[in-house]
Amino acid sequence: MAAPTTPPEQPTRSWTPFYVLLGVIALLGLGLIAAQLVRHRARPATEPVPGLQGPAAAEAEGLGIAMGRPDAPVVLYEFADFQCPGCAAWAAFMTPVIKERLVDTGRLRYVYFDFPLVSIHRHAFLAARAGRCAHEQGRFWPYHDVLYGRQREWADERDPTDRFVEYARLVGLDAGGFERCLRSDRYAAEVTRSLRFGESLGVDRTPTIFLNGRKLTDLPTYSQLEALVREASGGRSPADTGAAARR
Amino acid sequence: MTRVVRARMAIAVLALVGALVSLYLTFYKLGWVGSLACGPGGGCAVVQSSPYAVFLGVPVPLWGLLGYLALLGLALYGLRPGGLARPAVGWLLLGWAALAAMFTAYLSYLEAFVIRAWCRWCLVSAGLVVAIAWAAWMGRPRERQR
């Protein structure tokens, strides 16, 4: 057995302060994590955003790309960036369910706003313009799904223009017209206005969701969102609003 | 208080903080805390949603948690009379800390050049690993003076 290289500590030494320090750090850390867990499980808090009330909302509609009935009782605004992985997750897991259960049943109008985070996503602005070029041909939402679904494919490319044209072909767009649109400066002003509009509302990350003019401080799960929609539409059940939508 | 005791106390405190950071990041990866968003402080979303956030089928933060807990346990054992008497404990701490530093260097390389996004909590963890490695080096077993 190897000889000890370090003499043992004196038995009189008190270790209590050291263990108390470890205990305090552990309790403090676990408390902070527990607070985060509780905050996440709670229903998302909402903040009123004056900029989105009244006439401003109508103006906002002009900047966004909408789906759903114009007179739906609840309006959802999404500020998103095609190159953001969080937005891709939202587009994959939330948007289709929201469309099927809330938009198609007439309970919700969904409006998409470009908020390209150009400082961290070099192709975000071009992708936003590509989305608008697809919108010009009435195929924004299928194109939106492909851009997000294949985000990993184009995000690291030096120049994804050709890839975007290929996606246009894939969703049945007139590829020539799309390419002419994309290779021009068309919709640069609209995307910029959408970005500035988001900034004026305090958007600083994507995706950011507003429900009837209120900013959700945390991204909701679908059940949380449905509860908020139910509350915002005056507690009407899906059957009621769905029937109203069909009338 | 000897150099070895000071070093092991420092390692225990730093490893405990690291374990808490890793626990938070594990919960983040599982979607139990935080939100998957891009923007200020949103680098964690990019990093944690990348394919590099899983190593050998296990989320990287969980590897970190296990690594820090091992360091914490080893440092606490090394502060007991039995642990202080065994040079192997000092070498194990140094070896484990070196392994953690190499893995951290690999993860930082991925953040800088592959994922091209920085998660601030990963940076905190990297700082802790460097401090632990330094403490383990300072508290390494040395020949007893004759």
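As you go down the protein sequences, you meet chains A and B in turn.
The numbering of the first sequence is the numbering used here, which starts it at 1 and goes up by one.
The numbering of the second sequence is the numbering used here, which starts it at 1001 and goes up by one.
We put the CB at the ideal spot given by N, CA and C, even for glycine.
- Contact check between the stretch 205 to 224 of chain A and the stretch 126 to 138 of chain A: fewer than three CB pairs, one atom from each, fall below 8 Å, which does not count as touching.
- Looking only at B/Val1013, B/Gly1073, B/Gly1067 and B/Trp1118, the smallest Cα-Cα distance to methionine 1102 of chain B is reached by B/Gly1067.
- Taking the Cα positions, valine 1060 of chain B is about 43 Å away from cysteine 181 of chain A.
- Under the three-state reduction of DSSP, phenylalanine 115 of chain A is assigned to coil, being neither helix nor strand.
- For the options B/Arg1003, B/Thr1026 and B/Arg1140, the alpha carbon positioned closest to that of alanine 1098 of chain B is the one of B/Arg1140.
- Between glycine 29 of chain A and alanine 92 of chain A, the gap from beta carbon to beta carbon reaches 8 Å or more.
- Taken in chain order, the whole alpha helix (DSSP H) runs of length 4 or more contained in the stretch 148 to 172 of chain A are 151 to 155 and 161 to 170.
- Residues of chain B whose Cβ lies closer than 8 Å to the Cβ of glutamine 36 of chain A are, in chain order, Tyr1024, Phe1027, Val1033 and Gly1034.
- Annotation for isoleucine 65 of chain A: no alpha helix (DSSP H) segment contains it, though the beta strand (DSSP E) segment containing it runs 65 to 67.
- In the DSSP annotation of this structure, the continuous segment of the alpha helix (DSSP H) that includes leucine 1023 of chain B starts and ends at 1003 to 1029.
- The Cβ of isoleucine 98 of chain A sits no closer than 8 Å to any Cβ of chain B.
- Using a Cβ-Cβ cut-off of 8 Å, phenylalanine 210 of chain A does not count as an interface residue toward chain B, since no Cβ of chain B sits closer than that to its own.
- Here leucine 1016 of chain B has Tyr1068 and Leu1072 as same chain residues with Cβ atoms under 8 Å from its own Cβ, once five neighbours each way along the sequence are excluded.
- Of the candidates A/Ala232, A/Ser233, A/Ser223 and A/Phe197, A/Phe197 places its Cα closest to the Cα of phenylalanine 79 of chain A.
- With a beta-carbon spacing of about 6 Å, leucine 108 of chain A and leucine 76 of chain A fall inside the 8 Å limit used to define contacts.
- Lysine 1029 of chain B and glycine 176 of chain A have their C-alpha atoms spaced approximately 42 Å apart.
- In the DSSP assignment, valine 74 of chain A is bridged to A/Leu108.
- Annotation: the stretch 1067 to 1120 of chain B contains the following complete segments of the alpha helix (DSSP H) (minimum length 4 residues), in chain order: 1081 to 1084 and 1087 to 1109.
- Look at phenylalanine 18 of chain A: its C-beta is under 8 Å from a C-beta on chain B.
- Remark: C-beta atoms of glycine 1090 of chain B and valine 1021 of chain B do not approach each other more closely than 8 Å.
- For isoleucine 209 of chain A, the uninterrupted beta strand (DSSP E) segment begins and ends at 208 to 211.
- Counting other Cβ atoms within 10 Å of its Cβ, leucine 170 of chain A stays below 16 and is therefore classed as exposed.
- One Cα belongs to leucine 211 of chain A, the other to arginine 230 of chain A, and the distance between them is close to 11 Å.
- For leucine 117 of chain A, the CB contacts under 7 Å within the same chain, skipping 5 residues up- and downstream, are Asp81, Cys84, Ala124 and Thr206 in chain order.
- Taking 8 Å as the CB threshold, leucine 21 of chain A lines the interface with chain B.
- Spatial neighbours of serine 1108 of chain B in its own chain (CB-CB distance under 7 Å, excluding positions within 5 residues in sequence) are listed in chain order as Ala1126.
- Alanine 1012 of chain B reaches chain A at Leu22, counting residues in chain order whose Cβ is nearer than 7 Å.
- Any Cβ of chain B closer than 8 Å to the Cβ of glycine 198 of chain A would place that residue at the interface, and such an atom is absent.
- Around the beta-carbon of glycine 234 of chain A, fewer than 16 other beta-carbon atoms lie within 10 Å, marking it exposed.
- Measuring C-alpha to C-alpha distances from alanine 89 of chain A to each of A/Gly23, A/Pro220, A/Tyr110 and A/Leu22 identifies A/Pro220 as the nearest.
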